[in-house]
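Please read the structure below before turning to the comments.
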Amino acid sequence: METIFRKTEGLTDALFHYCPGCTHGIIHRIVAETLEELDVLGKAIGVAPVGCGVLAYEYFNCDMYQAAHGRAPAVATGIKRVHPDNIVFTYQGDGDLASIGTAEIVHAAHRGEKITTIFVNNTIYGMTGGQMAPTTLIGQKATTAPYGREVAHAGYPLRIAEMLATIQGAAFVERVAVNTPANIRKAKNAIRKAFETQIKGEGFSIVEVLSTCSTNWGLTPIEALKWLEENMIPYYPLGNFRTPGR
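Numbered as in our numbering, the sequence shown ends at 357 without a single skipped number.
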């Protein structure tokens with residue numbers, strides 16, 4: 112019998128702990144599938160964040176480290192320099208990467224570290240209760256911004272992809288979303304290109320993935336997908352910001 116669908120070997124059999132409607136699971140799968148399809152799963156080393164993705168070390172079927180909050184790029188740098196032939200990646204949320212870990216990601220890109228970062232942006236602190244994040248949209252409510260984010264008080268949401276694309280050491284920078292089947296396919300293609308950038312030794316690569324957080328947004332899973340499309344994508348436009356050779 113022809114196999115129509117099978118679970119990727121890039122994931123373990125552990126059950127995801129994510130909330131209903133959370134798209135972390137989709138992102139996990141396409142990252143794992145990509146590592147398997149590129150035939151680098153056996154030499155892949157991932158670094159898990161602090162946040163909703165903290166248990167990534169239970170899910171990816173490769174060697175995994177756990178880094179202190181925001182320090183995944185620094186840990187990944189050390190791993191890659193000691194094991195230059197391995198494929199090293201970080202998996203980080205917006206609270207981890209865009210707040211306490213901003214310096215680490217910026218300087219990893221400046222140094223052109225040959226690592227790959229999967230950056231999950233859901234505009235909120237998910238694991239700790241829905242506080243405002245650096246990526247929280249203007250007017251978006253959070254437990255620490257009950258009336259919505261105000262520019263005069265909290266500034267503007269941070270556009271990580273655009274910022275890192277200005278850095279010469281960042282070889283590949285792209286923003287994608289996982290709210291529709293078409294966008295999921297595009298997201299997987301970008302993640303593949305990011306890993307290929309590392310395999311070719313061309314420099315630092317990052318894919319920012321717009322994701323949902325139904326629980327802390329106070330929406331149903333279907334409503335959350337619509338909210339992402341109508342609110343996040345206009346402020347965080349999808350597309351490629353930097354490619355090797357351009």
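Positions of the beta carbon are idealized from the N, C-alpha and C atoms, including for glycine.
Annotated three-state conformation of E120 is coil, per DSSP. In the structure shown, T247 falls within a coil segment according to DSSP collapsed to helix, strand and coil.
In the DSSP assignment, E285 forms a beta bridge with V318 and N351. The C-alpha of F200 lies about 17 Å from the C-alpha of H221. Positions of the alpha helix (DSSP H) runs, each at least 4 residues long and wholly inside the region 170–239, are given as 183–193 and 213–221 in order along the chain. Distance check between Y346 and each of I302, F283, S325 and Q251 places Q251 closest, using alpha-carbon atoms only. Annotation: L349 to I137 spans about 18 Å, alpha carbon to alpha carbon.
Collapsing the DSSP output to three states places A276 in coil. Distances from the CA of I249 to each of F127, N342, E148 and A272 were compared; the closest alpha carbon is that of N342.
Only residues of its own chain outside the window of five on either side were considered, and among them I156 have a CB closer than 6 Å to the CB of D174, listed in chain order. Assignment of G157 by DSSP, reduced to helix, strand and coil, places it in the strand class. In the same chain as A178, and ignoring 5 residues on each side of it, the C-beta atoms closer than 6 Å to its own belong to V158 and V186, in chain order. By the neighbour-count definition (other C-beta atoms within 10 Å, threshold 16), D150 is an exposed residue. In this structure, the beta-carbon distance from A298 to S316 does not fall below 7 Å.
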